[in-house]
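For the sequence shown, my numbering assigns the number 194 to the initial residue and increments by one for each residue that follows. Don't be surprised by glycine CBs; every beta carbon is placed ideally from N, CA and C. This report concerns only the one structure given below.
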Amino acid sequence: MSKGTHHRMFEIDEGVRGWFRVSNEGVVKSIWVEQPDGSRRLFIPYNASSHPIEGGE
194 MSKGTHHRMF
204 EIDEGVRGWF
214 RVSNEGVVKS
224 IWVEQPDGSR
234 RLFIPYNASS
244 HPIEGGE
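Put into structure tokens, the structure is as follows:
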């Protein structure tokens, strides 16, 4: 049985945006940040398996 995910977009500053990959249980699995030069950085929360974020579905 596979678990679905969805994305939540956010903007930190003009030209700097990113998105969370969130499981259907509301747990953040990864965070991508896109820089003004187009490069992207990936962040993996150390506790991604155990802590739902507020407002998760």
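- When DSSP reads this structure, D206 sits in a beta bridge with V209.
- Counting C-beta atoms within 10 angstroms of its own C-beta, G197 has fewer than 16 neighbours from the protein chains shown and is therefore classed as exposed.
- G219 counts as exposed, since fewer than 16 other beta carbons sit within 10 angstroms of its beta carbon.
- In the structure shown, I224 falls within a strand segment according to DSSP collapsed to helix, strand and coil.
- In the three-state DSSP reduction, S232 falls in the coil class, being neither helix nor strand.
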